[in-house]
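Visitor:
Put into structure tokens, the structure is as follows:
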């Protein structure tokens, strides 16, 4: 008589005692790695989203500044709030940007090479990763455009 492929009943093979519980341990390790990767994906997505949002705001503010009469506060507010005037009672802009983090400069005033430069620096990223945790400071974002004369 041939042995059955999948024995059942009293002749069923038993696991050695040292192998019992290894499935739970393996599941715990895989879950830990999966959760760590998921958190890292969220962190990377957040960093990319905040970076692109800031780049878009700086570009928009620089474009605003080159086609209108120079007003550093209006350009700064365009970066912070998306509009030239600050809303009443607001102290910080999008993603916690403050006016101190946004600089607006005008170079070569009166020359044909006159430029407006808008820079965001010192802005924080708040991360979810438990190993990195806390806040990191982003790299400066600078846009410089030539002023359009009427």
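Residue numbers (our numbering): 27 to 176. We treat Cβ as the ideally placed atom computed from N, Cα and C, and that holds for glycine. None of these values were measured; they are calculated from a predicted model.
Hey, how far is the Cα of residue 141 from the Cα of residue 130?
Guide: The alpha-carbon atoms of residue 141 and residue 130 are separated by roughly 11 Å.
Visitor: Which residues does DSSP pair with residue 151 in a beta bridge?
Guide: Answer by DSSP bridge pairing, in chain order: 162.
Visitor: Classify residue 64 as helix, strand or coil using the three-state DSSP reduction.
Guide: Helix, per DSSP.
Visitor: Whose CA, out of 160, 170, 174, lies closest to the CA of residue 69?
Guide: Answer by Cα proximity: 160.
Visitor: Would you mind sorting residue 106 into buried or exposed? The rule is 16 or more other CB atoms within 10 Å of its CB.
Guide: Buried, because 16 or more other Cβ atoms sit within 10 Å of the Cβ of residue 106.
Visitor: Based on the DSSP output, what are the partners of residue 129 in its beta bridges?
Guide: 145.
Visitor: Let me check one thing: in DSSP terms, what residues is residue 169 bridge-paired to?
Guide: DSSP lists 144 as partners of residue 169.
Visitor: Is residue 99 helix, strand or coil when you go by DSSP?
Guide: In this structure, residue 99 counts as helix in the three-state DSSP scheme.
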